[in-house]
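Chains A and B, in that order, are what the protein sequence lines are. So the first sequence is numbered by my numbering: it starts at 570 and just counts up by one. So the second sequence is numbered by my numbering: it starts at 3 and just counts up by one. Structure first, then comments.
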Amino acid sequence: MNGVVAIFKRELTSYFATPIAYVFIVIFLVLAGSFMFFFGGFYEAGQADLSADGSFFYWHPWLYLFLVPALSMRLWAEERKSGSIELLMTLPLETWQAVTGKFLAAWAFTAIAVLLTFPIWITVNYLGDPDNGAIVAAYFGSILMAGGFLAIGACISAATKNQVIAFILSVVVCFILMVPGMGLVQSVLLGLAPQWLVDGLASLSFQTHFDAISKGVIDLRDLVYFGLLIGMCLYANSIVLELKKAD
Amino acid sequence: MIEVQSLTKEYGRFRAVDDLSFKVAPGEVLGFLGPNGAGKTTTMRIVAGFLQATAGRVTVCGHDIETAAVQAKHRIGYLPEGAPSYPEMTPRSFLEFIAEARGIPPGQRRKRLDEVIALLHLDRVLEQSIDTLSKGYRRRVGLAQAILHDPEVLILDEPTDGLDPNQKHEVRELIGRMAKSKIIVISTHLLEEVEAVCNRAIIIARGKILADDTPRGLEARSRFYNAVSLKLGSSELIAAARNAIGSLPEVASTELDEKNGRITAFPAPGKLPLAPINALAERQRWPLTELHLESGRLDEVFRSITGGAAA
Numbered sequence: 570m571n572g573v574v575a576i577f578k579r580e581l582t583s584y585f586a587t588p589i590a591y592v593f594i595v596i597f598l599v600l601a602g603s604f605m606f607f608f609g610g611f612y613e614a615g616q617a618d619l620s621a622d623g624s625f626f627y628w629h630p631w632l633y634l635f636l637v638p639a640l641s642m643r644l645w646a647e648e649r650k651s652g653s654i655e656l657l658m659t660l661p662l663e664t665w666q667a668v669t670g671k672f673l674a675a676w677a678f679t680a681i682a683v684l685l686t687f688p689i690w691i692t693v694n695y696l697g698d699p700d701n702g703a704i705v706a707a708y709f710g711s712i713l714m715a716g717g718f719l720a721i722g723a724c725i726s727a728a729t730k731n732q733v734i735a736f737i738l739s740v741v742v743c744f745i746l747m748v749p750g751m752g753l754v755q756s757v758l759l760g761l762a763p764q765w766l767v768d769g770l771a772s773l774s775f776q777t778h779f780d781a782i783s784k785g786v787i788d789l790r791d792l793v794y795f796g797l798l799i800g801m802c803l804y805a806n807s808i809v810l811e812l813k814k815a816d
Numbered sequence: 003m004i005e006v007q008s009l010t011k012e013y014g015r016f017r018a019v020d021d022l023s024f025k026v027a028p029g030e031v032l033g034f035l036g037p038n039g040a041g042k043t044t045t046m047r048i049v050a051g052f053l054q055a056t057a058g059r060v061t062v063c064g065h066d067i068e069t070a071a072v073q074a075k076h077r078i079g080y081l082p083e084g085a086p087s088y089p090e091m092t093p094r095s096f097l098e099f100i101a102e103a104r105g106i107p108p109g110q111r112r113k114r115l116d117e118v119i120a121l122l123h124l125d126r127v128l129e130q131s132i133d134t135l136s137k138g139y140r141r142r143v144g145l146a147q148a149i150l151h152d153p154e155v156l157i158l159d160e161p162t163d164g165l166d167p168n169q170k171h172e173v174r175e176l177i178g179r180m181a182k183s184k185i186i187v188i189s190t191h192l193l194e195e196v197e198a199v200c201n202r203a204i205i206i207a208r209g210k211i212l213a214d215d216t217p218r219g220l221e222a223r224s225r226f227y228n229a230v231s232l233k234l235g236s237s238e239l240i241a242a243a244r245n246a247i248g249s250l251p252e253v254a255s256t257e258l259d260e261k262n263g264r265i266t267a268f269p270a271p272g273k274l275p276l277a278p279i280n281a282l283a284e285r286q287r288w289p290l291t292e293l294h295l296e297s298g299r300l301d302e303v304f305r306s307i308t309g310g311a312a313a
């Protein structure tokens, strides 16, 4: 466990030692706010609600789709490019410790960015009387979903030295995992495939599971879904790393 | 003790390391020599636990590097080729990270850090980010990280690359001081480094061991070993002198460097031609301007053993 903690601390401090942290947080906050107010028509809707269609949490999957791969692309690709992976992998640590430490640091960093949107929460409380329990659940679900995006991105980052490739592949894979749960896509798919297949695909989608949590309903199945997704991706990450670390 | 048994590493169809076996005992400073692409770095990466061998076995202090990797890695200090580190960190935060990741107890970290910082003269750059440091300082940060946990085994891939002559000297002194109690394996292109710090040298090329000897033993393989070279003050005498020297029983053959008139006499097997040549010169009253006993030339041995492959 000490190894995981050492890696976690090093990684998290290194975000703040470079401009990555500040650029990421500022862009995330600006986009999260502007999507909600401009596209979501927050004021026009006249509801103190962060989970409605078009409201604050509605946009999170779309923000993560581009911002999380930007964060995860460097996780391993950069270590491989600079050669520091040789240093890391000859420390007396198991591979899973390095994988977990790095992932948790990136996840903690994302959580910091998400929680820094708290002025929006204050705003809705000032304007109206929202269901704060549901908002807490939605924050929790949003961070959980970010973990899913991150774990996929980390695994892809371990497979390449090139950060641009890691970014593009991560966006594509996350997009594929996101869309089958969206209402619009589902109605298109229903014209092409049987109901059971569309439902099956939807149940594998981020969107389906996030929708449930963002409405304030924390269902064990959704927790298991994200838990399994993260666990499987990190396991795959360890294997990919062992295979590709020296290429 | 490092034991390497029948180590083989293949990249696709290319065999980088080919059935390599050797042992290194405490107190030995082993220099790994070889042309570029000989398999030095690959071998060191396998011994340090970064790469997995295709076949063969490596144990470090009794721990197999594949099946007991963590225990083995605890005993190894490793400086990878090019001394990679994290450019955004400062030497202090980097060394603190290594100390924590290596499980050095918190109570001892301060003391160990201060020791290696003093040993490698890092105090002036401690709070500067590593990417602003010169190549020499980066190398020293890499060395500091390798010796931080006072390992039993040190594996250093080109430890003095990029250092200026003073820094090279310091690093060699440091290696020399640590040598008594540790096993040290270094790879290098610099033959003078082998003479300066190693008490054993392995020459490898195309993944195979071609020579395994002390630096002096390698020198003795040189045709220049115990050869004598001399220069005469007057050029008319050169031809006669060369003939006279060539007819001595201790001399196997002579060579003349036409450019500067230097005569080199190579010894007959097991003979020392210096004293007879000196006596001859005195009898003949040759106006000698130079008389040298040649030691072996490692570079020449290296070239002849590795078949002229570029060093």
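Built from N, CA and C at the ideal position, the CB exists for glycine as well.
Contact of T587 of chain A with chain B by beta-carbon distance below 8 Å involves E90. Nearest CB-CB separation between A590 of chain A and chain B: not below the 8 Å threshold.
Assignment of beta-bridge partners to A267 of chain B by DSSP yields B:V230, B:T256. Sixteen is the threshold: when 16 or more other Cβ atoms of the shown chains lie within 10 Å of the Cβ of G41 of chain B, as they do, the residue is buried. R579 of chain A has a beta carbon lying within less than 8 Å of a beta carbon in chain B. Counting other Cβ atoms within 10 Å of its Cβ, E194 of chain B stays below 16 and is therefore classed as exposed. For the pair P28 of chain B and S651 of chain A, the CB atoms are not nearer than the 8 Å cut-off.
Among the CB atoms of chain B, one or more fall inside 8 Å of the CB of I576 of chain A. Spanning the alpha carbons of K813 of chain A and D622 of chain A requires a straight line of approximately 42 Å. By the C-beta density criterion, G209 of chain B is buried, having at least 16 other C-beta atoms within 10 angstroms. DSSP, reduced to helix, strand and coil, places T692 of chain A within a helical segment of the structure shown. Our two residues, G722 of chain A and L632 of chain A, have alpha carbons roughly 14 Å apart in a direct line. The CB of N571 of chain A comes closer than 9 Å to the CB of E102, A103, G105 in chain B, given here in chain order. Within the segment 107-148 of chain B, the alpha helix (DSSP H) runs of at least 4 residues that lie entirely inside it are, in chain order, 108-121. Under the 8 Å criterion on CB atoms, K75 of chain B is classed as interfacial with respect to chain A. When DSSP states are grouped into helix, strand and coil, E5 of chain B belongs to the strand group.
The continuous alpha helix (DSSP H) containing A706 of chain A extends over residues 701-727. Minimum Cα-Cα distance from I177 of chain B among the listed residues B:G14, B:L9, B:V118, B:T92 corresponds to B:V118. Distance from the CA of R112 of chain B to the CA of F744 of chain A, rounded to the nearest whole angstrom, comes to 48 Å.
Relative to N731 of chain A, the option among A:M714, A:A639, A:K578 whose CA is nearest is A:A639. In the structure shown, D301 of chain B adopts helical secondary structure according to DSSP, grouped into three states. Close CB contacts of H778 of chain A within its chain, under the 6 Å cut and outside five residues either way in sequence, are with D791, Y794 (chain order).
DSSP places Y80 of chain B within a strand segment (E or B) once states are collapsed to three.
In the DSSP annotation of this structure, the continuous segment of the alpha helix (DSSP H) that includes R579 of chain A starts and ends at 571-586.
In the structure shown, L158 of chain B adopts extended strand secondary structure according to DSSP, grouped into three states.
Annotated three-state conformation of V786 of chain A is coil, per DSSP.
Here A213 of chain B really is in contact with L220 of chain B; their C-beta atoms are around 6 Å apart, less than 8 Å. For G219 of chain B, the three-state secondary structure derived from DSSP is helix.
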